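The sequence shown begins at 10 in my numbering and counts up by one.
To keep things clear, I will list the structure first and then write my remarks on it.
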Amino acid sequence: MKSPKRFSELPEYAFPRLRRLLGDRAPGSNAPVEMTIGDPRHDPPAFVAEVIAEHAEGFRGYPPNDGAPELLTACADWLHRRYGYAADPATDILVLNGTREGLYNTTMALCPEQKNGQTPAILTPNPFYQVYAVAALSVGAEPVYVNATAATGHLPDFGALDPGLLDRTAEVYICSPANPQGAVASMGYWSDLLALAEKHDFKILADECYAEIYRDTPPTGILEAVRATGADPERVVAFHSLSKRSNLAGLRSGFAVSGPGNIALMKQLRNYSGAPLPLPLQMAAAAVWADEAHVEENRALYRAKFDAAERILGDLPGVEIPEAGFFLWLPVPGGDGEAAALRLWEEAGVKVLPGAYLARDTADGNPGTPFVRAALVAPLDQVEAGLTRLRAHLTP
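Encoded structure:
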């Protein structure tokens, strides 16, 4: 049995760490602005409650573990509309109780105990969503943090890594649009990564939960690259969610799509460890995946906030307003995001997250240290107030 001491490698989770940093300090405004957590605030589709009520009798029985046929079909139909990708609902898709479940359990199901006779490595962007590292540690793999900086377009340059490391890599986590930077992988980036995966025999776990929040151009998805290059679908597991797309984080509805071999192994694990979504919620999710009108409305609300960010912060040195996602990754004068977050709270009443809390120390330092992350989820007037106060403290 592997020692649980491996979890001692994990730092304290970002938000308890922020609470400790701020302590009982009073905000420097009688109208504080919360810009830390990416908790969607826009209204979800009005029809969700009606669908749940219509299917309320479904709470009586155990829900289908693999997903209701109606939901699986809705997910497959959406993949075809969005990416032109043909997925078999019965064999290529697994419904998830939130994509966090899938991002963790996929590694539990698919990561080998050894790779080429060695401890497998699992590569993750740095900064990153912390579940990637927890999944790696849970299977006894070595998490390797690959810095994603302005120099690499805020996406990790996996191809620059040592070939020996790549040969023992079992999985690569990648998030596009990226959390926190909002960087979007291009068709070229995806194609190069697929070729690298084929050369070194690893799987790509593509977290695309922010794919429907964009300003102008829909982000290219990895499944488009699979289709364009003829890559093996078993090389990829892609994850999608209703949390951001439809403001339904509380519905806990997401799905994974891959080749039938991967999905079969993931289903086998889920038979023992999964917590399937109640059937009425699955039916509501099916209706939401089938509807695009509310997504357009949601995207327009975020676009107005990004326009405000461009107007208020766009001329500041080093500030890049991203094309997708709903975060700003903001460099701070002096290069200390933790000190800046404390100062912003005490002097301006704006709560942001220090970038270092989302990243890990490496030989090249912590790439998040000079940044703060600001979420654009509050109503537009609050976002504009927060951005205006941020400008005063981000100006050198």
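Ideal placement from N, C-alpha and C gives every residue a C-beta, glycine not left out.
Only a predicted model underlies this, so the values are computations on that prediction, with no experimental measurement involved.
Under DSSP, the alpha helix (DSSP H) around residue i begins and ends at which residues?
i	result
G197	M196 to H209
I272	P269 to S282
C84	P78 to Y92
N375	Premise fails: N375 is in no alpha helix (DSSP H) and is neither H nor E.
Which term fits residue i, buried or exposed, when burial requires 16 or more other beta carbons within 10 angstroms of its beta carbon?
i	result
P121	exposed
K11	No answer about K11 holds up, because its pLDDT of 45 lies below 50 and its placement is not dependable.
A157	buried
D229	Checking the sequence, you will find Thr at residue 229 rather than Asp. Buried.
A398	The residue you asked about is not Ala; residue 398 is Arg in the sequence shown. Buried: at least 16 other Cβ atoms inside 10 Å.
N256	buried
H89	exposed
D101	buried
F68	exposed
G197	exposed
T128	exposed
R244	buried
G107	buried
F24	exposed
N39	exposed
List the whole-angstrom C-beta distance separating residue i from residue j, where the pair is believed to meet the contact cut-off of C-beta under 8 angstroms.
i	j	result
L175	A194	Contact flag wrong, Cβ pair sits at about 18 angstroms.
E180	K212	5 angstroms
M275	A96	No, M275 and A96 are not in contact; Cβ-Cβ is about 14 angstroms, not under 8 angstroms.
V341	F380	7 angstroms
L30	A350	7 angstroms
P72	L288	4 angstroms
L325	R400	7 angstroms
For residue i versus residue j, is the C-beta spacing smaller than 8 angstroms?
i	j	result
L202	F167	yes
L385	I61	no
P36	W338	no
N74	G263	no
A333	Y223	yes
E151	A130	yes
L105	A295	no
P331	E347	no
Y182	D210	no
E301	G93	no
P98	A85	yes
R382	F336	yes
A265	T116	no
What residue range is occupied by the uninterrupted beta strand (DSSP E) comprising residue i?
i	result
Y154	E151 to N156
F264	S262 to V266
L182	Note that residue 182 corresponds to Tyr in the displayed sequence, not to Leu. Y182 -> beta strand (DSSP E) spans T178 to C184.
S252	Counting along the chain, S252 falls outside any beta strand (DSSP E), though it belongs to the alpha helix (DSSP H) covering L251 to R254.
D216	K212 to D216
I222	Run containing I222: none; DSSP gives neither H nor E here.
I61	Per DSSP, I61 belongs to no beta strand (DSSP E); it is in the alpha helix (DSSP H), F56 to E63.
I102	I102 to N106
V381	F380 to A384
P228	Element bounds for P228: n/a, residue is neither H nor E.
> Counting Cβ pairs, one atom from each stretch, are 3 or more of them under 8 angstroms apart for the stretch 27-43 and the stretch 272-283?
Replying inline: At 8 angstroms Cβ cutoff, the stretches do not touch.
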